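Note sheet for the following structure.
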Amino acid sequence: MYAYAVRRLLGAVPTILAVIVIAFFMIRLAPGGPFDSERAIPPEIAANLAGAYHLDEPLGDQFVRYLGNVLAGDFGPSFRYKDYSVTELLWSGFPVSAQLGISAMVLAVLLGTAAGAYAAVRRNTIVDGGIMALAMTGIAVPNFVVAPLLTLVLGVYLSLLPVGGWGGLSHAVLPVVALALPQVAYVARLTRGSMLEVLRADFIRTARAKGLGARRIVTRHALRAALLPVVSYLGPATAAIITGSVVIEQIFGLPGIGRYFVQGALNRDYTLVMGVVIFYAILILLFNLVVDLLYPLIDPRVRYD
Amino acid sequence: MTDLHAHIPVRSLWGYAWLRLKRNRAAMTGAVLLALIAAACIVGPWLLSHELDAVDWDHIQSPPSLASEHILGTDANGRDLLVRILHGGRVSLAIGLAATLVAVIIGIAWGATAGYAGGRWDGFMMRFVDVLYALPFMFFVIILMVFFGRDIYLLFIALGAVSWLDMARIVRGQTISLKYKDFVLAARAMGTPPLRLVTRHIVPNALGPVAVFATLTVPQVILYESFLSFLGLGVQEPMTSWGVLISEGAQLMESAPWMLIAPAAFLTLTLFCLNFVGDGLRDALDPRG
Chain A
553 MYAYAVRRLL
563 GAVPTILAVI
573 VIAFFMIRLA
583 PGGPFDSERA
593 IPPEIAANLA
603 GAYHLDEPLG
613 DQFVRYLGNV
623 LAGDFGPSFR
633 YKDYSVTELL
643 WSGFPVSAQL
653 GISAMVLAVL
663 LGTAAGAYAA
673 VRRNTIVDGG
683 IMALAMTGIA
693 VPNFVVAPLL
703 TLVLGVYLSL
713 LPVGGWGGLS
723 HAVLPVVALA
733 LPQVAYVARL
743 TRGSMLEVLR
753 ADFIRTARAK
763 GLGARRIVTR
773 HALRAALLPV
783 VSYLGPATAA
793 IITGSVVIEQ
803 IFGLPGIGRY
813 FVQGALNRDY
823 TLVMGVVIFY
833 AILILLFNLV
843 VDLLYPLIDP
853 RVRYD
Chain B
85 MTDLHAHIPV
95 RSLWGYAWLR
105 LKRNRAAMTG
115 AVLLALIAAA
125 CIVGPWLLSH
135 ELDAVDWDHI
145 QSPPSLASEH
155 ILGTDANGRD
165 LLVRILHGGR
175 VSLAIGLAAT
185 LVAVIIGIAW
195 GATAGYAGGR
205 WDGFMMRFVD
215 VLYALPFMFF
225 VIILMVFFGR
235 DIYLLFIALG
245 AVSWLDMARI
255 VRGQTISLKY
265 KDFVLAARAM
275 GTPPLRLVTR
285 HIVPNALGPV
295 AVFATLTVPQ
305 VILYESFLSF
315 LGLGVQEPMT
325 SWGVLISEGA
335 QLMESAPWML
345 IAPAAFLTLT
355 LFCLNFVGDG
365 LRDALDPRG
C-alpha cells in the first residue's frame with residue numbers, strides 16, 4: 553500500500569507537468585499580450601515591462617523559470633490585480649471555495665446515499681418514483697438555473713435567506729444547496745442502482761436467514777457494499793463541484809477562487825488564469841489519489857500489492 | 085413449421101430496438117417534444133414578425149402578454165424574447181450536435197485504434213485518456229476561449245474535444261470484443277487491410293452503444309455551452325444562446341422574472357427530453373440492463 557502510494561504520486565508528476573506545459577504554451581502561442589491596450593505604450597516602457605516580467609527572454613528559459621517558480625509555490629505576479637501575486641490571490645480565495653466545496657460534497661454524499669438507499673428499499677413504489685423523478689430533475693436542471701431560481705423564490709419573494717455575500721451560515725445555504733443538487737442527484741441514482749443489486753446478493757439472504765432485522769440488514773450489510781460505486785464517483789464529483797463553484801461563486805458574489813478565475817478570464821489576466829488551472833488540477837489529482845488509497849479500507853477485496 | 089416462421093417476422097437488432105423504444109412512453113414523449121422544440125427553433129424565427137435585434141420602443145422590458153405582440157415579453161432592450169429564445173435554441177442545438185459529432189469522430193478513431201492495435205499502443209493510448217479524465221476540462225476550454233478569441237467554431241471544436249473520452253473507452257471495449265469474432269477473422273483471412281477491417285467490419289457493429297452515448301453527450305455539451313455563455317465566455321453578441329439569455333435574465337430577475345424563467349424552461353425541457361431519449365435508447369438497445 554505504501555509502495556502503491558509512492559508509485560501513484562510519481563505517476564502524477566508527468567500529468568501535472570503536462571498541465572503546466574499546456575497552460576504555459578497555450579498562453580504564449582495565443583495572439584496578443586497581457587499589456588496590450590487601446591493606447592499604444594511607448595517602446596521604452598514596453599521594453600521595461602517585458603523585462604520586469606521576463607517576457608524578453610527566450611521561450612524555453614521563460615518556461616524553465618515559470619516551472620521552477622510553480623514548484624516553489626509561486627505562480628508569479630497577477631497582471632491585473634497590481635501588487636498582488638497570484639499565490640496571494642489563491643490563498644485569499646481558498647478558504648471560501650474550500651468551505652463551499654466541502655459542504656456541498658458532504659451534503660451530496662449524505663443526502664444522495666440516504667435518498668438512493670431509501671428509494672431502493674422501497675423500489676417500484678410512489679416514494680421510489682418520486683425520488684427518481686427528483687433525481688432526474690437535479691441532473692437535467694443546471695446549477696446556474698437552480699441558483700437564480702432559488703434566490704428568486706427564497707431570497708427575493710420570501711426573504712428567508714440573504715441573496716449574496718459571504719459571512720454567517722445563512723449566507724452559505726443557497727450557494728451550497730445550488731452547488732450540491734446535481735451531485736445529490738447523481739449519487740442518489742448511483743446508490744439506488746448498486747443497492748438494488750446488493751439487495752439480491754447471497755450475503756443479504758444469509759443475513760435475513762439469520763433473523764437480522766430489516767433496518768440492520770440495510771444499514772450494516774447492504775449499504776456498506778452499495779457505497780463502493782459512490783466512493784469511486786467521488787473523484788469525478790470533486791471535478792464537477794470545482795467546475796460548478798466557478799459559476800456559483802460568480803452568481804452569489806462569493807470571494808473565492810472561482811470568481812478570481814472568471815474575472816481573470818474576462819480581463820485576460822494570464823498568470824491568474826493559469827495559476828487557478830494548475831492549482832485545481834493538482835488538487836483534483838491529489839484527491840483522486842486519496843480516494844484510491846481509501847478504497848481498500850472500505851472494500852477488503854481491493855488490495856494494492 | 086413454415087407457419088410459425090410466417091407469423092414471426094425476423095427483425096434486425098435495430099428493428100427490435102425500435103419496437104422496444106416505441107413502448108417506452110417517457111422516451112417517445114421526449115422525442116416528440118424534442119422534435120417540436122427543434123422545429124420551432126428552425127422555422128419559428130421566419131414565421132414570427134420580429135427580428136432578432138429589432139427594438140420595440142413602446143415595449144421595453146414588458147412582461148409576457150397575449151394582447152401585445154410579444155408572447156413571452158421583451159428584454160431590457162425591447163427585443164422580443166420568444167424570437168431571441170428560438171434563435172438561441174438554434175445556436176445551442178447546433179453546438180450540441182456539432183460538438184457531439186466531433187466527439188464521436190475523435191472517440192471512434194481513438195478507441196478503435198487503441199482496441200485494434202492492442203498491447204503497448206493500447207496501454208499508452210488509454211493511459212492518456214485516464215490522465216485527461218482526471219483534469220477539470222472546462223478550465224482548459226475557458227483558457228482556449230480567452231486566449232484564442234471567442235469564436236463559435238472554436239467553441240464547437242473545443243467542446244467536442246473535451247467530450248470524446250467516454251466515447252473512446254466505449255468504442256475500445258467494443259472493438260476488443262469484436263476483434264476475434266469469426267466474421268472479422270474471416271475478413272482478415274481474405275486479406276482485408278487493417279484500416280478497412282476496422283472501418284467496414286468493426287465500427288459499424290459498435291454503433292449501438294455509440295448512438296446511446298452520443299444522445300447523452302448532446303445534453304452534456306449544451307450544458308457546457310450554456311455554462312460558458314452564462315459566464316460571458318461563450319457565444320457573443322449579436323448572436324445569442326440559451327446560456328446567454330439565462331445569464332441576462334438572472335441579472336434582471338427581480339424586475340423581470342420572465343427573462344429568466346422562459347429561456348430556463350426551454351433549456352431544461354430540452355435537457356430533460358434528451359436525457360429521456362438517451363435512457364430509452366439505452367434500454368432499447370440493451371434489454372438486459
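Going down the list, the sequences are from chains A and B.
Following the numbering used here, the numbering of the first sequence begins with 553 at its first residue and continues without gaps.
Following the numbering used here, the numbering of the second sequence begins with 85 at its first residue and continues without gaps.
Beta carbons: idealized from backbone N, C-alpha and C, even for Gly.
Predicted model, so just to flag it, every value in this text is computed and none were measured.
Look at A:Ser746 here: in three-state DSSP terms it is helix. For A:Tyr785, the enclosing alpha helix (DSSP H) stretches over residues Leu780 to Phe804. The DSSP assignment places no complete beta strand (DSSP E) segment of no fewer than 3 residues inside the stretch 180 to 254 of chain B. Taking a beta-carbon distance threshold of 8 angstroms, B:Ser339 does not count as an interface residue toward chain A. Interface annotation, A:Leu704: in contact with chain B, CB-CB separation under 8 angstroms.
Residue state for B:Asp164 is assigned as strand, using DSSP reduced to three classes.
Contacts with chain B at 8 angstroms (Cβ-Cβ) include A:Pro694.
Here A:Pro629 is bridged, per DSSP, to A:Ser637.
For the stretch 322 to 348 of chain B, the set of residues with a beta-carbon nearer than 7 angstroms to any beta-carbon of chain A comprises Ile330, Ala334, Met337, Glu338, Pro341, Leu344 and Ala348, in chain order. When A:Phe576, A:Leu704 and A:Ala730 are compared, the shortest CA-CA separation from A:Val693 is found for A:Ala730.
In the DSSP assignment, B:Pro293 falls within the alpha helix (DSSP H) that extends over Leu291 to Phe314. Here the C-alpha atom of B:Met229 lies approximately 41 angstroms from the C-alpha atom of A:Ala669. Pairing A:Phe576 with A:Tyr618 gives a Cβ-Cβ distance under 8 angstroms. By the C-beta criterion, the stretch 260 to 271 of chain B is judged not to be in contact with the stretch 344 to 361 of chain B, since fewer than 3 inter-stretch pairs fall below 8 angstroms. Among the residues of chain B, none has a CB under 9 angstroms from the CB of A:Ile683; the nearest is roughly 16 angstroms distant. No Cβ of chain A is located within less than 8 angstroms of the beta carbon of B:Ser261. Burial is judged here by how many other beta carbons sit within 10 angstroms of a residue's own beta carbon; A:Pro610 has fewer than 16 and is exposed. Close to chain A, meaning a Cβ-Cβ distance shorter than 7 angstroms, are the following residues of the stretch 354 to 367 of chain B: Leu355, Phe356 and Asn359. Residues of chain B whose Cβ lies closer than 7 angstroms to the Cβ of A:Ile654 do not exist, since the nearest Cβ in that chain is about 17 angstroms away.
Under the Cβ criterion of 8 angstroms, B:Ile226 is counted among the residues facing chain A. Within the same chain, Cys125 come within 6 angstroms of B:Arg174 by CB-CB distance, once the 5 residues on both sides are set aside.
When the Cα atoms are used, B:Leu329 and B:Arg253 turn out to be separated by approximately 35 angstroms.
Nearest to B:Ile306 by C-alpha distance, out of B:Gly203, B:Arg211 and B:Ser247, is B:Ser247. Take A:Val622, set aside five residues on each side of it, and the residues of its chain with a beta-carbon closer than 8 angstroms to its own are Ile572 and Ile830, in chain order.
Put simply, the CB of B:Ser247 is far from chain A, with every gap to its CB atoms at 8 angstroms or more. Residue contact with chain A for B:Thr113: absent (no Cβ-Cβ distance below 8 angstroms to any residue of chain A). Nearest in C-alpha terms to B:Phe240, of all of B:Ala193, B:Gly195, B:Met210 and B:Ile179, is B:Ile179. Contact between B:Val294 and B:Ile192 holds: CB atoms are separated by about 7 angstroms, below the 8 angstroms threshold. Look at A:Gly612 here: in three-state DSSP terms it is helix.
For A:Arg744, no chain B residue has a Cβ inside 7 angstroms of its Cβ, as the nearest lies near 14 angstroms away. Within its own chain, the residues whose Cβ lies closer than 7 angstroms to the Cβ of A:Phe755, once the five positions on either side in sequence are excluded, are His773, listed in chain order. The Cβ atoms of B:Glu332 and B:Gly318 lie no closer than 8 angstroms to each other.
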